[in-house]
Structure formats: structure tokens, C-alpha cells
Amino acid sequence: MNHLFRLSAGLLRSGTAGLYRRRPVPEGHVSLVVARLFSSEPENSELGQLIKKDKVVVFIKGTPAQPMCGFSNAVVQILRMHGVDDYASYNVLEDQDLRQGVKNFSNWPTIPQVYFNGEFVGGCDILLQMHQNGDLVEELKKLGIHSALLDANKDEQKK
Amino acid sequence: MLPLFRLARAPLTSLRLLPLRACSHTPMDRPVESSIRAKLSRTLAPTHLEVRNESHLHAVPAGSESHFRVLVVSPSFEGLPLVQRHRLVNEALREELAGSVHALSIQAKTPQQWSSDPSLAKSPPCMGGSKHDPGMRLRSDRE
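Chains as they are written, first to last, in UniProt numbering: chain A, 1 to 159; chain B, 1 to 143.
Right, here's the structure in full:
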């Protein structure tokens with residue numbers, strides 16, 4: 001079964017206790033809760049580490065299994081189309097500190113937000129345009145991710 | 001001139017009457033939209049500009065100015081990657097985005113790109129996020 005999202009393994013380290021807490025929610029989905037201590041750090045260095053822990057990191061409303069916003073859903077669907085099933089996803093609706101923190105950190109006013117290899121890519125509009133013009137396949141290749149659409153194209157050409 | 005009304009595209013339940021935007025063009029009706037238009041015009045000198053209030057497509061009260069789609073065609077975007085173009089738009093609208101504007105869809109094209117593809121993108125369907133959004137409730141409580 002494809003795991004469409006996971007929390008970064010680094011968050012489970014006891015060394016970061018007090019900064020991040022994982023808490024189970026009723027549906028069994030594990031969410032990220034960012035402690036208040038984090039929001040007082042001026043450089044948001046914890047966020048700086050968070051975005052580098054995984055090749056693909058998204059901040060969305062809801063979860064990949066249940067997006068709570070059409071724009072966030074678009075990001076999830078695009079990644080799914082390309083067969084990207086191993087990425088970190090953070091639900092900003094669960095934590096207003098994270099929500100504002102990521103906007104400050106990225107200097108970007110809206111959600112969703114997408115990071116590739118620790119670098120800010122953009123929101124839903126940009127990811128969609130990259131998907132439409134072929135740039136996303138190239139960017140994923142640079143991350144060492146083979147887009148599923150390349151295989152789909154090969155199948156088409158064989159016919 | 002009396003304002004005209006049209007039926008909003010409301011799903012299922014009650015019909016909502018909204019002013020016909022094309023006819024009532026007074027800035028006082030739509031202060032945020034007017035401000036967006038003015039600021040983008042001033043900072044980016046667009047050759048083509050479209051500003052659409054898409055709040056009615058989302059789970060927010062009628063008459064909201066919370067969700068916008070903008071199409072900006074400007075030579076200022078020449079040579080800039082998408083993220084930089086969007087940052088220019090965000091910067092121009094910093095005040096609005098810190099205020100009532102909750103979502104901003106952006107298309108930022110050079111005049112050449114626009115002439116080869118003069119189309120306005122469509123927003124994805126709302127998934128009702130604003131209903132469950134504590135941030136939105138706080139904002140509407142203040143208003």
C-alpha cells in the first residue's frame with residue numbers, strides 16, 4: 001500500500017523532545033504538533049531543518065488522504081499522478097503556529113507550499129504549471145525521483 | 001442606475017442573490033478588488049490584467065472578498081522564474097494578503113506568453129476547507 005505521507009523520522013528522535021510532539025488522533029492518523037517554543041525562535045531554524053529532511057515536503061490544509069482545500073488537493077493529486085508517494089506532508093490546519101510559521105519562513109502568504117530538497121518551489125499554481133509544461137518531470141529527476149508519467153508516455157509510444 | 005442581480009452558482013440548497021459585478025463597478029462595493037487592481041497596475045504596469053473575486057466558489061459568506069484569481073501580463077516578468085514572478089505579485093498585495101485575502105491564485109505571464117496562450121486558468125473545486133478553518137473564523141469574527 002502506498003504511504004502517501006509520512007512524518008520525518010528525525011522528529012521521533014528523543015533529542016528534539018520539547019520542540020515537536022507526535023500525538024495520535026482518533027482516526028489513527030499521526031499528525032505533527034509544533035510546540036509553542038518553536039514559534040518564538042526568530043530564524044525558525046527548526047523549520048529550516050524540517051524542509052531539508054525529505055526530498056519533497058508539502059505544507060497543506062488537511063492530509064494527502066483527506067485534503068481540506070481544493071488548492072492543497074491539487075498539489076496532492078499532481079504528486080500522485082507523477083507517482084511520488086514518499087513525501088512529507090504537514091497539515092497546517094492542526095497548528096496555527098505552524099501555519100503562520102511556514103508563511104513567515106517562506107515569505108509566502110498562502111498554503112499550500114511545496115519544497116524540493118529544502119528549496120521553496122511555490123504553491124499550487126506553480127506546481128500545476130510545472131506539471132503542464134514538463135518542468136516537474138525534470139525537477140523530480142534531479143531529486144532522483146522517476147516520474148510515473150515517463151512510463152505512461154513510453155507505454156503510449158509502444159502502442 | 002439600479003443594480004441588477006443574478007443568481008449565484010450555489011450548490012444544492014438556498015439560492016443566493018449577488019450583485020451583477022459587471023454593472024456595479026464602484027470601488028466602494030468591492031474595496032479589496034479595487035485595491036488589488038490599483039496596486040498591480042501601479043507596481044507591474046501590466047499590458048493585460050484580470051482580477052476575479054472567486055469567494056463565491058468557496059465556503060465563505062456571500063459578499064466576501066477572500067479568494068481571488070489574478071492574471072497579470074507584464075514585461076516586468078521577462079527572464080524571471082515563476083516563483084519570482086509570484087513573489088512580485090505577493091509583494092504588491094502584501095497588505096491585502098495580511099488582511100481579508102485568504103487565497104490568491106496567480107497567473108503571471110510575459111506579453112509573448114500571453115499572446116501564444118491567452119487563457120485564464122480555472123481554480124480547482126473547493127473542498128470546503130474554509131468551513132473547518134479556525135483562521136477563517138477568527139477573521140470573520142473580527143469583521
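Think of the CB as a built atom: it goes at the ideal place given N, C-alpha and C, for glycine as much as any other residue.
C-alpha gap between residue i and residue j, whole angstroms
| i | j | result |
| --- | --- | --- |
| A/ARG36 | B/SER116 | Confidence at A/ARG36 is low in this model, with a pLDDT of 40, below 50, so the placement of that residue should be treated as unreliable; the coordinate-derived value is given next. For A/ARG36 and B/SER116, the distance between alpha carbons rounds to 49 Å. |
| B/ARG69 | A/LYS53 | 33 Å |
| B/CYS23 | B/LEU44 | Here the model assigns B/CYS23 a pLDDT of 49, short of 50, so the residue's position is not dependable, and the following value carries that caveat. B/CYS23 and B/LEU44: Cα-Cα distance of roughly 26 Å. |
| A/ARG80 | B/MET28 | 44 Å |
| A/GLY118 | A/LYS55 | 7 Å |
| B/HIS67 | B/PRO125 | 13 Å |
| A/PRO67 | A/THR110 | 15 Å |
| A/GLU94 | B/ASP133 | 9 Å |
| B/SER130 | B/ALA103 | 10 Å |
| A/LYS103 | B/LEU93 | 15 Å |
| A/ASP135 | B/ALA98 | 31 Å |
| A/GLN157 | B/ALA38 | 49 Å |
Residues that residue i bridges to, as DSSP identifies them
| i | result |
| --- | --- |
| B/PRO81 | Its beta-bridge partners do not exist; DSSP assigns none. |
| A/GLY62 | A/PRO67 |
| A/GLY122 | A/VAL114 |
| B/VAL51 | B/VAL70 |
| A/ASN91 | A/ILE60 |
| B/ALA103 | B/HIS67 |
| B/ALA108 | B/VAL72 |
Assigned exposure category for residue i - 16 Cβ within 10 Å defines buried
| i | result |
| --- | --- |
| B/ALA62 | exposed |
| B/GLY128 | exposed |
| B/SER119 | exposed |
| A/ARG13 | Reliability of the predicted coordinates at A/ARG13 is poor, the pLDDT of 39 falling under 50, and no value is obtained from them. |
| A/ARG99 | buried |
| B/ARG42 | exposed |
Own chain partners of residue i with C-beta closer than 8 Å, once the 5 adjacent residues on each side are dropped
| i | result |
| --- | --- |
| B/LEU82 | ALA108 |
| B/TRP114 | THR47, HIS48 and VAL73 |
| A/VAL137 | HIS82, SER147, LEU149 and LEU150 |
Test item: CB-CB of residue i and residue j under 8 Å
| i | j | result |
| --- | --- | --- |
| A/VAL84 | A/LEU140 | yes |
| B/GLU33 | B/VAL60 | no |
| A/GLY48 | B/HIS86 | no |
| A/ALA88 | A/VAL57 | yes |
| A/ILE51 | A/VAL76 | no |
| B/VAL89 | B/LEU40 | yes |
| B/THR47 | B/SER74 | yes |
| A/GLY62 | A/ASN91 | yes |
| B/GLU54 | B/SER100 | no |
| A/LEU143 | A/PHE120 | no |
| B/GLU96 | B/ILE36 | yes |
Same chain, Cβ closer than 6 Å to residue i, five either side skipped, listed in chain order
| i | result |
| --- | --- |
| A/ILE78 | LEU127 and HIS131 |
| residue 144 of chain B | This structure does not reach residue 144 of chain B, given that chain B is present from 1 up to 143, and the question cannot be answered. |
| B/LEU57 | CYS126 |
| A/LYS154 | none |
Check: residue i C-beta below 7 Å from any heavy atom of the ligand NAD
| i | result |
| --- | --- |
| A/VAL57 | Ligands in the displayed structure: none, and consequently the ligand NAD is not present. |
Own chain, CB closer than 7 Å to residue i, minus 5 neighbours either side, in chain order
| i | result |
| --- | --- |
| A/ASN73 | PRO67 |
| B/PRO111 | THR47, VAL73 and PRO75 |
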